[in-house]
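K.L.:
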Amino acid sequence: MIQKLILKNFRKFTDRTFEFDKNITIFYGSNAQGKSSVLEAIYLLANGKSPWAPTDEYINDEQNKQIHTRIESIEDNKSYVYFKDTNSRILKIEGKSVKSKTFFENRSATIFNPEKIELLMISSSQRRDFLDDTIQKYNYEYETLLKDFRKILRQRNAYLKRLSKLFYEQGIIAINDPQLNFWSKHFSLTSAYITQNRISLTKELSHKGYEVKYKTGFTFDKRKLGNTEYLQESIEQDLEKSKRRDIATGYTNIGPHRDDWSISKDRDIHKFGSRGEKRLAIGELIFQTQDTVFNKTSHYPVLLLDDIASELDIYNTKKIFEKKILDKQQTFITVIDYKTLPKEILKDSQLIHLNGQ
Numbered sequence: 001m002i003q004k005l006i007l008k009n010f011r012k013f014t015d016r017t018f019e020f021d022k023n024i025t026i027f028y029g030s031n032a033q034g035k036s037s038v039l040e041a042i043y044l045l046a047n048g049k050s051p052w053a054p055t056d057e058y059i060n061d062e063q064n065k066q067i068h069t070r071i072e073s074i075e076d077n078k079s080y081v082y083f084k085d086t087n088s089r090i091l092k093i094e095g096k097s098v099k100s101k102t103f104f105e106n107r108s109a110t111i112f113n114p115e116k117i118e119l120l121m122i123s124s125s126q127r128r129d130f131l132d133d134t135i136q137k138y139n140y141e142y143e144t145l146l147k148d149f150r151k152i153l154r155q156r157n158a159y160l161k162r163l164s165k166l167f168y169e170q171g172i173i174a175i176n177d178p179q180l181n182f183w184s185k186h187f188s189l190t191s192a193y194i195t196q197n198r199i200s201l202t203k204e205l206s207h208k209g210y211e212v213k214y215k216t217g218f219t220f221d222k223r224k225l226g227n228t229e230y231l232q233e234s235i236e237q238d239l240e241k242s243k244r245r246d247i248a249t250g251y252t253n254i255g256p257h258r259d260d261w262s263i264s265k266d267r268d269i270h271k272f273g274s275r276g277e278k279r280l281a282i283g284e285l286i287f288q289t290q291d292t293v294f295n296k297t298s299h300y301p302v303l304l305l306d307d308i309a310s311e312l313d314i315y316n317t318k319k320i321f322e323k324k325i326l327d328k329q330q331t332f333i334t335v336i337d338y339k340t341l342p343k344e345i346l347k348d349s350q351l352i353h354l355n356g357q
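Residue numbers for the sequence shown follow full-length UniProt numbering, so the first one is 1 and each next one is one higher.
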């Protein structure tokens, strides 16, 4: 449990300390007072990246002209420090510098906000990232696998562009090119591992009448999903069939980088669900990822609910803010008016008012 959070040069906070004594904490106040920034800091400290800032823009250097930020938490009486400037990142546990794997192991956070709902419904890239981010919370080797896959994909695409140029300039289709076959073999192996992990997760996320279905460009017998050698061979065959198209276009047309997933309950919610149904479905999905991570690690990720109440009617607010669900893990909530939340949530929660000071 996070007992204390110290923010220095982070967003609008030059030096601010928060202490927590309840499992559920509610930050309330007007817009632009820093509520979401506190959740961002918790997420950054737990996952190593901002949930919405791709760069170091969260660093506040206006006050002291110091280009760095420091976030410290006390969790179960142990100190965790995240220090970042424009050139480096330093991670410390109990004052000792540690590697990323040690710092983030068994520590993670999940954020749920209106923007995430929209992105998961609109962007296939965000949907893939959602699965990958969840898997990384319990499979600590998966991040390395993704890095290897992306490197191989870049190399294969770069070589395909060369072959594409050769095709258009000289009419040569290099079907049996040894180097292309080399990259295809490595691509198929990493793709097999990623596909196995993603499909296994979607099966675990299917619950309460919701079905999460993984959509891949590969063709294989799903009953043999656990057979990596079989899956790799199937992917190699699909790559062989796609080779002419890949050479013509100059990039890899099938693979984990193009896959997708959908969520349905009697019908495809993405295509046919109402605004409220979409929000509720994503909420249920996120809660299920929390349980999945716990079942595999015996640790619940910290749950961050950012301005969710503003997007829901009274009925769905009660469904999302159900005390027995939120009590499973440490939960931080942001809201403009805390009185809009269910009374059973407020009863045992810590209220923190942010007013820009």
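For every residue, glycine included, the Cβ atom is placed at its ideal position computed from N, Cα and C.
Please read all numbers here as calculations on a predicted model, not as lab measurements.
Just the Cα atoms here: how many angstroms apart are THR202 and ASP15?
P.N.:
Here residue 202 refers to the residue found at position 202 when the sequence shown is read from its first residue. Here residue 15 refers to the residue found at position 15 when the sequence shown is read from its first residue. C-alpha separation (whole angstroms): 42 Å.
K.L.:
For the beta strand (DSSP E) containing ALA109, name the first residue and the last one.
P.N.:
As a position in the sequence shown, residue 109 is number 109, starting the count at 1. Bounds of the beta strand (DSSP E) holding ALA109 are 109-112.
K.L.:
Which residues in the same chain have their Cβ closer than 6 Å to the Cβ of residue 376, if we skip the five residues on either side of it in sequence?
P.N.:
The first residue shown for the chain is 1 and the last is 357, placing residue 376 beyond what the model contains.
K.L.:
For the region 123-135 against the region 159-176, do three or more pairs of beta-carbon atoms, one drawn from each stretch, fall closer than 8 Å, so that the two count as touching?
P.N.:
no
K.L.:
DSSP on PHE104, reduced to helix/strand/coil?
P.N.:
Along the sequence shown, one-based indexing puts residue 104 at 104. In this structure, PHE104 counts as helix in the three-state DSSP scheme.
K.L.:
Quick one: give me the first and last residue of the alpha helix (DSSP H) that PHE167 is part of.
P.N.:
On the sequence shown, residue 167 is found 167 positions in, with the first residue counted as 1. 142-170 is the span of the alpha helix (DSSP H), which, as asked, contains PHE167.
K.L.:
Take GLY226 as the anchor and find which of ARG198, PRO301, ARG89 and PRO256 has the nearest alpha-carbon.
P.N.:
In the sequence shown, residue 226 corresponds to position 226, counting from 1. Ranking the options by Cα distance to GLY226, first place goes to ARG198.
K.L.:
Specify whether the region 114-130 and the region 159-175 touch according to this definition: at least 3 beta carbon pairs, one from each stretch, less than 8 Å apart.
P.N.:
no
K.L.:
Just to confirm before moving on: does the CB-CB distance between SER37 and PHE20 stay below 8 Å?
P.N.:
Residue 37 sits at position 37 when you count from the first residue of the sequence shown. Residue 20 sits at position 20 when you count from the first residue of the sequence shown. Going by C-beta atoms, SER37 is not nearer than 8 Å to PHE20.
K.L.:
Quick check on VAL212: does DSSP put it in helix, strand or coil?
P.N.:
The residue you call residue 212 lines up with position 212 of the sequence shown. DSSP places VAL212 in strand when its eight states are reduced to three.
K.L.:
Tell whether a beta-carbon distance below 8 Å holds between PRO51 and ILE111.
P.N.:
One-based indexing of the sequence shown puts residue 51 at position 51. One-based indexing of the sequence shown puts residue 111 at position 111. Contact annotation: PRO51 and ILE111 have beta-carbon atoms nearer than 8 Å.
K.L.:
Does the beta-carbon of ARG279 have 16 or more other beta-carbons within 10 angstroms, so that it is buried, or is it exposed?
P.N.:
Walking along the sequence shown from the start, residue 279 turns up at place 279. ARG279 comes out buried.
K.L.:
Can you name the residues that DSSP bridges to VAL81?
P.N.:
Residue numbering aside, residue 81 sits at position 81 when the sequence shown is read from its first letter. In the DSSP output, where bridge partners are listed per residue, VAL81 has GLU72 and LYS92.
K.L.:
Contact defined as beta carbons within less than 8 Å: I believe THR342 pairs with THR317. What is the distance between those atoms, to the nearest angstrom?
P.N.:
Reading the sequence shown from its first residue, position 342 is the one you call residue 342. Reading the sequence shown from its first residue, position 317 is the one you call residue 317. Per the sequence shown, residue 342 should be read as Pro rather than Thr. Contact flag correct, Cβ pair sits at about 7 Å.
K.L.:
Run through the region 242-287 for me and flag every whole alpha helix (DSSP H) of 4 or more residues, listed as ranges in chain order.
P.N.:
243-249 and 269-272
K.L.:
Is the beta carbon of LYS185 less than 8 Å from the beta carbon of GLU236?
P.N.:
Position 185 of the sequence shown, counting from 1, holds the residue named residue 185. Position 236 of the sequence shown, counting from 1, holds the residue named residue 236. In this structure, GLU236 lies closer than 8 Å to LYS185 by Cβ.
K.L.:
Could you compute how far the alpha carbon of TRP261 sits from the alpha carbon of ARG128?
P.N.:
Looking up residue 261 in the sequence shown gives position 261. Looking up residue 128 in the sequence shown gives position 128. If you take the alpha carbons of TRP261 and ARG128, they lie about 8 Å apart.
K.L.:
Assuming GLY29 and ASN355 are in contact, meaning their beta carbons sit under 8 Å apart, how far apart are those beta carbons, in whole angstroms?
P.N.:
Here the question's residue 29 lines up with position 29 in the sequence shown. Here the question's residue 355 lines up with position 355 in the sequence shown. Going by Cβ atoms, the distance from GLY29 to ASN355 rounds to 6 Å, so yes, they are a contact pair.
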